[in-house]
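Beneath this line is the structure, given in structure tokens, with notes to follow.
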Amino acid sequence: MTSTYQRLEDDLEEKGEIMVKLAGGEELELHTHNVEFEEEPYIRIDADDQVHWVDASKIAHYWIHEEL
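Heads up, my numbering is the position in the sequence shown plus 75, with the first residue counted as 1.
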């Protein structure tokens, strides 16, 4: 079974942008240029005004932005 961490890494590489919703309700936007996949399960997100460290196992769900 593929981990959330691995699916996120693969999908972000393929699509370039992903939205995630954390278990606490916070939503974050991930882009290939501002995300580093550290040692599993940790993801570093360099947002405009702060850096977020996210445990991929705490992501409730994610979705992919796509132009229609």
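Glycine is no exception: its CB is placed at the ideal position from the N, C-alpha and C atoms.
The Cβ atoms of Leu87 and Ala131 lie no closer than 8 Å to each other. Distances from the CA of His106 to each of Leu97, Ala122, Lys96, Glu113 were compared; the closest alpha carbon is that of Ala122. When the Cα atoms are used, His108 and Glu89 turn out to be separated by approximately 13 Å.
The beta carbons of Val126 and Ile120 sit about 7 Å from each other, so the pair counts as a contact at 8 Å. In the DSSP assignment, Asp86 falls within the unbroken alpha helix (DSSP H) covering 79–90. Ile93 sits buried, since 16 or more C-beta atoms from the chains shown fall within 10 Å of its C-beta.
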